[in-house]
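These protein sequences, in sequence, are chains A and B.
Mapping of the first sequence onto the numbering used here: residues 1 to 308, in sequence order.
Mapping of the second sequence onto the numbering used here: residues 309 to 517, in sequence order.
Every residue, glycine too, gets a C-beta built ideally from N, C-alpha and C.
If you're wondering where the values come from, they're calculated on a predicted model, not measured in any experiment.
Working notes for the structure below.
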Amino acid sequence: MATQDIIARSATTTPAPSIRQVEEVAKLIDVSKCIGCKACQVACSEWNELRDEVGSNHGTYDNPIDLTADSWTVMRFTEHEKDDGDLEWLIRKDGCMHCADPGCLKACPSPGAIVQYANGIVDFNQDKCIGCGYCVTGCPFNVPRISQDDKKAYKCTLCSDRVSVGMEPACVKTCPTSAIVFGSKDDMQRHADERIADLKSRGYEHAGLYDPDGVGGTHVMYVLHHADKPSLYAGLPDQPVISPMVSLWKGITKPLALLAMGAAVLGGFFHYVRVGPQRVEEEQDEPTVEPAAHQQDPAVQTYDPKQP
Amino acid sequence: MKQDEIQRYNANERSNHWAVAILFILAGLSGLALFHPALFWLSNLFGGGPWTRILHPFLGVAMFVLFLGLVFRFWSANYFSGNDGLWLKNIGKVMRNQEDGVPPIGKYNPGQKLLFWALLVSMLVLLVSGIVIWREYFSHLFGIDVIRLAALAHAFAAFVLVLAIIVHVYAAIWIKGSFGAMLSGKVSHRWARKHHELWYREVTDRKRD
């Protein structure tokens with residue numbers, strides 16, 4: 001089945017098939033409603049047929065301790081002590097943010113290994129992945145993981161297989177408190193506004209939506225009670241952007257460098273055409289002093305039968 | 309050896325040079341495959357994208373290790389000295405194949421010396437940055453900012469290296485006799501006197517002693 005809704009394709013300089021128009025979707029994670037039950041982690045593992053290795057306890061509720069090639073979403077628990085001494089338990093469901101301007105896609109050198117659909121989902125095609133890890137280098141959120149088994153990069157797909165047939169992602173379906181909801185990006189922003197108004201009315205004056213402009217907005221958004229300090233939530237970047245080093249590495253410099261290499265080759269060719277080669281004159285190529293008289297090699301004799 | 313020829317490179321030096329050259333071509337083509345989408349098709353030469361990713365770092369390390377052999381062999385002949393400044397001032401004449409006013413130089417002209425040092429620096433940068441971005445074995449030892457900087461430095465140093473080698477190869481095509489010098493090891497007296505007069509005198513004086 002041809003895919004006709006690809007708006008960006010890694011390592012591809014011409015437009016991908018993008019004629020099909022679909023609405024942008026978003027997953028909204030309301031951190032203030034999350035109870036940290038990890039049902040979303042289980043649902044993700046169930047739907048995607050992933051079975052991570054059983055880890056060990058690190059003294060926190062985080063389990064597994066980090067995203068892996070087999071765990072595309074993890075709950076991150078932060079104990080935050082407020083200025084007044086109150087303790088807040090901040091629980092954030094971590095995973096791919098599905099950036100509108102994805103750093104992974106920008107960094108990927110393999111054509112079509114990373115695609116962005118018109119609905120905003122950024123998806124990895126592992127059959128085209130070469131395992132270089134450049135997506136890890138490009139991601140502002142530290143999300144992609146290279147599998148130690150097959151050396152391919154994996155991350156949350158936003159259940160692109162479910163969404164493409166009109167279903168919500170598995171984590172959304174399973175969330176018992178409706179902390180995770182899914183719909184069109186517009187609807188999710190509107191829903192977030194209501195949630196933020198509610199939080200503000202209950203004393204969270206800095207409540208807000210995390211949909212960072214630095215990466216063009218994201219298709220996974222958070223409602224945060226402390227939107228002024230996203231980094232409180234287990235290091236969620238305050239101002240995520242594609243690193244300037246990645247932009248420089250993968251930006252205009254590459255075509256310019258190619259041009260310069262081509263120009264160097266052409267420069268050489270035309271130098272040869274216009275100035276020509278440097279040759280050592282052949283006739284002067286005998287610096288050793290030759291004897292003035294011609295000496296015949298006694299081994300070589302000429303025989304002329306006409307001579308007596 | 310014919311009487312009118314001078315040995316410029318011995319068999320070990322030539323073999324070392326060409327081993328590095330072959331590895332440069334392999335590492336260069338596999339690297340260019342990942343450098344820009346327009347060149348990704350080069351990955352087919354290595355058996356596809358994953359094989360290109362697997363082979364490239366090994367090819368690069370092998371190139372660096374063998375290049376060290378050339379560095380030790382030719383190190384002392386590549387110090388800048390004597391007429392080098394004057395020669396560089398007359399680089400325009402050199403480029404136009406004019407000889408008046410171009411001072412005599414030793415075994416290597418300043419252009420070749422610049423190439424030597426450019427190759428050494430770019431290969432050092434490539435080695436260090438390449439290890440940092442070698443995801444399979446080493447990247448987990450480094451922070452993300454170091455990896456990003458290394459990726460950028462690796463691409464830049466590769467660009468410098470490729471440009472330097474383009475110049476190097478063209479110079480070998482342009483200056484007749486130099487390609488043969490690295491292939492057979494020998495140059496004519498006339499060639500040596502024309503292109504590397506101080507080296508020529510040194511070699512012939514040594515012979516006379």
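When every heavy atom of the ligand SAM is checked, does at least one fall within less than 7 Å of the C-beta of VAL265/A?
Ligands are entirely absent from the displayed structure, and the ligand SAM is therefore not among its contents.
Identified DSSP bridge partners for ARG145/A
DSSP output for ARG145/A lists TYR154/A as bridge partner(s).
Does chain B have any CB closer than 8 Å to the CB of THR12/A?
True, the Cβ-Cβ gap to chain B drops below 8 Å.
Straight-line Cα distance separating ALA100/A from ASP213/A:
In this model, ASP213/A and ALA100/A are separated by some 9 Å (Cα to Cα).
Among the residues of its own chain, which have a CB less than 6 Å from the CB of HIS80/A, if the five just before and after it don't count?
Taken in chain order, the residues that qualify are GLU88, LEU90 and LEU232.
Among residues of its own chain, excluding the 5 on either side of LEU353/B, which ones have a beta-carbon nearer than 7 Å to its beta-carbon?
Result list for LEU353/B: LEU337, in chain order.
Would you tell me roughly how many angstroms separate the C-alpha atoms of LEU67/A and PRO418/B, rounded to the nearest one?
If I take the Cα positions, the gap works out to 54 Å.
Answer yes or no: does any C-beta atom of chain A fall closer than 8 Å to that of LEU482/B?
In the sequence as presented, Leu is not what sits at residue 482/B; that position holds Trp. For TRP482/B, the closest Cβ of chain A is nearer than 8 Å.
Taking the runs of the alpha helix (DSSP H) that are 4 residues or longer, which of them lie wholly in the stretch 66-90 of chain A?
Those alpha helix (DSSP H) runs which fall completely within the stretch 66-90 of chain A and span 4+ residues do not exist here.
Alpha-carbon to alpha-carbon, ASP86/A and HIS226/A:
For HIS226/A and ASP86/A, the distance between alpha carbons rounds to 14 Å.
By the three-class DSSP mapping on this structure, what secondary structure does ASP127/A have?
Coil, per DSSP.
Please return the same chain residues whose Cβ sits closer than 8 Å to the Cβ of MET309/B, not counting the five positions on each side in sequence.
Residue placement at MET309/B cannot be trusted, given a pLDDT of 48 that sits under 50; what the coordinates show is reported in the next sentence. Sequence-distant partners of MET309/B (beyond 5 residues in either direction) whose C-beta falls short of 8 Å from its own C-beta, in its chain, are GLN315 and LYS494.
Do we get a CB-CB distance below 8 Å when we pair ARG498/B with the residues of chain A?
Yes, ARG498/B lies at the interface with chain A (some Cβ there is under 8 Å from its Cβ).
Count the other C-beta atoms from every protein chain shown that fall within 10 angstroms of the C-beta of ALA197/A, then say buried if there are 16 or more, exposed otherwise.
Within 10 angstroms of the beta-carbon of ALA197/A lie fewer than 16 other beta-carbons, which makes it exposed.
Tell me whether LYS38/A sits in a helix, a strand or coil according to DSSP, three-state version.
Note: LYS38/A maps to coil in three-state DSSP.
Sub-8 Å separation of GLY377/B and LEU434/B beta-carbons
No, the Cβ-Cβ distance between GLY377/B and LEU434/B is not below 8 Å.
What are the residues that DSSP puts in a beta bridge with LEU394/A?
The first residue shown for chain A is 1 and the last is 308, placing residue 394/A beyond what the model contains.
What residues in the stretch 374-396 of chain B have a beta carbon less than 7 Å from any beta carbon of chain A?
Within the stretch 374-396 of chain B, no residue has its Cβ closer than 7 Å to any Cβ of chain A.
From the beta carbon of GLY414/B, is the nearest beta carbon of chain A less than 8 Å away?
Using a CB distance cut-off of 8 Å, GLY414/B does not count as an interface residue toward chain A.
With a cut-off of 8 Å, does the C-beta of GLY120/A fall near any C-beta of chain B?
Chain B places no beta carbon closer than 8 Å to that of GLY120/A, leaving this residue out of the contacts.
Measure from the alpha carbon of ILE483/B to the alpha carbon of each residue in HIS219/A, HIS271/A, THR137/A and ARG162/A, then state which is nearest.
It is HIS271/A.
Chain B contacts made by the stretch 253-278 of chain A, where a contact means CB separation under 9 Å:
The stretch 253-278 of chain A vs chain B, Cβ under 9 Å: THR253, LYS254, PRO255, ALA257, LEU258, ALA260, MET261, ALA264, VAL265, GLY267, GLY268, PHE269, HIS271, TYR272, VAL275, GLY276, PRO277 and GLN278.
Identify which residue in VAL223/A, ARG20/A and ASP238/A has its Cα closest to the Cα of HIS191/A.
Among VAL223/A, ARG20/A and ASP238/A, the Cα nearest to that of HIS191/A belongs to VAL223/A.
Check whether the Cβ atoms of PHE348/B and PRO255/A sit closer than 8 Å, and answer yes or no.
PHE348/B is not a Cβ neighbour of PRO255/A, given a cutoff of 8 Å.
Contact list for the stretch 190-216 of chain A against chain B, Cβ threshold 9 Å
Cβ contacts with chain B come from no residue of the stretch 190-216 of chain A.
Are any of the Cβ atoms in chain A nearer than 8 Å to that of PRO418/B?
Chain A, which has no Cβ nearer than 8 Å to the Cβ of PRO418/B, makes this no.
Could you give the C-beta distance for ILE130/A and GLY357/B, rounded to a whole number, given that I count them as a contact under 8 Å?
So it is a contact: roughly 3 Å between Cβ atoms.
Going along the chain, which residues of its own chain have a beta-carbon closer than 8 Å to the beta-carbon of ASP52/A, five neighbours each way excluded?
Cβ neighbours of ASP52/A within its own chain (closer than 8 Å, five residues either side excluded): SER45, PRO64, THR68, ASP70 and SER71.
Counting only the same chain and skipping the five closest in sequence on each side, list residues whose C-beta sits under 7 Å from that of ALA341/B.
Here ALA341/B has LEU347, PHE348, LEU350, SER351 and THR360 as same chain residues with Cβ atoms under 7 Å from its own Cβ, once five neighbours each way along the sequence are excluded.
In chain order, which alpha helix (DSSP H) runs of at least 4 residues are fully inside the stretch 219-267 of chain A?
Whole alpha helix (DSSP H) segments, 4+ residues: 244-250.
Report the residue from ALA234/A, ALA8/A, THR218/A and ALA26/A whose alpha carbon sits nearest the alpha carbon of ARG76/A.
The option with the nearest alpha carbon to ARG76/A is ALA234/A.
Chain B residues whose Cβ lies nearer than 9 Å to that of MET245/A
ASP453, ARG456, LEU457, ALA459 and LEU460, listed in chain order.
Identity of the residues DSSP links to LEU209/A by a beta bridge:
Answer is VAL223/A, bridged to LEU209/A.
With H, G and I counted as helix, E and B as strand and the rest as coil, what does DSSP make of LYS415/B?
Coil at LYS415/B, not helix or strand.
In the DSSP assignment, what are the bridge partners of CYS99/A?
According to DSSP, CYS99/A bridges with THR218/A.
Stretch-stretch touch, CB-based, cutoff 8 Å, three pairs: the stretch 102-122 of chain A with the stretch 242-252 of chain A:
The answer is yes - the stretch 242-252 of chain A touches the stretch 102-122 of chain A, with three or more Cβ pairs under 8 Å.
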